[in-house]
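Note that the sequence shown covers residues 51 to 276 in this note's numbering.
The next block holds one structure in the form of structure tokens; read it before the comments.
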Amino acid sequence: MHKSNYKIFCVIPAYNEKETIAEVAAAVKPYVDEIIIVDDGSSVETKKYIASGDGITVLRHIINRGQGAALRTGTRYALKNGADIIVHFDADGQFMAEEISGAVKPIINGEADVVFGSRFLSKQSEMPWFKKNIIIPLARLFNRVFLGVNLTDPQSGFRVLSKKAAREIKIEQDRMSHCSEILHKVSAGGFKIKETPITVIYRDFGQRFSGGIKIIKELFLGRLIN
Numbered sequence: 051m052h053k054s055n056y057k058i059f060c061v062i063p064a065y066n067e068k069e070t071i072a073e074v075a076a077a078v079k080p081y082v083d084e085i086i087i088v089d090d091g092s093s094v095e096t097k098k099y100i101a102s103g104d105g106i107t108v109l110r111h112i113i114n115r116g117q118g119a120a121l122r123t124g125t126r127y128a129l130k131n132g133a134d135i136i137v138h139f140d141a142d143g144q145f146m147a148e149e150i151s152g153a154v155k156p157i158i159n160g161e162a163d164v165v166f167g168s169r170f171l172s173k174q175s176e177m178p179w180f181k182k183n184i185i186i187p188l189a190r191l192f193n194r195v196f197l198g199v200n201l202t203d204p205q206s207g208f209r210v211l212s213k214k215a216a217r218e219i220k221i222e223q224d225r226m227s228h229c230s231e232i233l234h235k236v237s238a239g240g241f242k243i244k245e246t247p248i249t250v251i252y253r254d255f256g257q258r259f260s261g262g263i264k265i266i267k268e269l270f271l272g273r274l275i276n
């Protein structure tokens, strides 16, 4: 159960996650003060599963803009409404809500400005072989060579930001390359970083190589444009 002097918000981007969104929100609720669900253009059928309630605010994108855009919308809302700490958490049921407590501690204790969850520390995550042995190593290499970032998990959607970090880190990549963009901006901004072990439960094994190529393409285009 969440008890601290810090106001903790959890931003959950959701796109057609009718099977899991209610369960995820209910699991997260005891560990935070406010949940912000960003419905990123979900289908009409899905919208009825994404509902506001006590401690839950729903923001809606009219069209699907991408996870990065949804996180940007939710983070801005959280800052405007008094968040001291902002947790980014996926809607698909892969993460464990009870691990939020451990992830926010380094920020509460002043040990970090940003905490990244990692599937490659002490806890076990049954990651699909292709993702573990091909996509993740490529993403880790790309981050190290081109972005100057060397962390164990280059594509984790479970992260925690202090109010200061959330204000200064502007998410510009609308889609999946926002993970590497955030890593780069955190490192370049000189923020104190800590990784924390997390468990990931893989429900969808349709992890394709094309997704990793798309992320790298978006990052290259972003760097060329900027």
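Every residue, glycine too, gets a C-beta built ideally from N, C-alpha and C.
>> Rounding to the nearest angstrom, what Cα-Cα distance links Thr-202 and Leu-171 in this structure?
In response: 8 Å
>> Under 8 Å, with one C-beta from each stretch per pair, do the segment 98 to 110 and the segment 150 to 163 reach the 3-pair mark?
In response: no
> For Leu-171, which three-state DSSP category applies?
Replying inline: coil
>> Helix, strand or coil, according to DSSP, for Pro-21 in the structure here?
In response: Nothing in the structure corresponds to residue 21, since the chain is present only between 51 and 276.
> Residues in its own chain within less than 6 Å of Cys-277 by CB, not counting five upstream and five downstream?
Replying inline: Since the first residue of the chain shown is 51 and the last is 276, residue 277 is not available in this structure.
> What residue does the alpha helix (DSSP H) around Ala-64 start on, and which one ends it?
Replying inline: Unbroken run through Ala-64 is the beta strand (DSSP E), 58 to 64; no alpha helix (DSSP H).
>> Excluding the 5 residues flanking Ile-158 on each side, which residues of the same chain have their C-beta closer than 7 Å to its C-beta?
In response: Ser-54 and Tyr-56
> I think Asp-163 touches Lys-68, with their Cβ atoms under 8 Å apart; what is that distance to the nearest whole Å?
Replying inline: Asp-163 to Lys-68, Cβ: 35 Å. No contact.
> For Ala-128, which of Ile-58, Tyr-81, Glu-161 and Phe-139 has the nearest alpha-carbon?
Replying inline: Ile-58
> Taking the alpha-carbon positions, what's the Glu-245 to Ser-227 distance?
Replying inline: 19 Å
> Among Ala-141, Ile-221, Gly-132 and Ala-72, which residue has its Cα nearest to the Cα of Glu-84?
Replying inline: Gly-132
> If you count every other CB in all the chains shown that lies within 10 Å of the CB of Gly-118, and 16 or more means buried, which is it?
Replying inline: buried
> In angstroms, rounded to a whole number, what distance separates the CA positions of Ile-112 and Tyr-65?
Replying inline: 12 Å
> Going straight from the alpha carbon of Ile-221 to that of Val-137, what length do you get?
Replying inline: 15 Å
> Do Asp-224 and Arg-115 have their CB atoms nearer than 8 Å?
Replying inline: yes
> Taking buried to mean at least 16 other C-beta atoms within 10 Å of its own C-beta, is Ile-251 buried or exposed?
Replying inline: exposed
> In whole angstroms, what separates the C-alpha of Pro-80 from that of Gly-239?
Replying inline: 32 Å
>> For Val-165 and Ile-135, I'd like the C-alpha separation in whole angstroms.
In response: 11 Å
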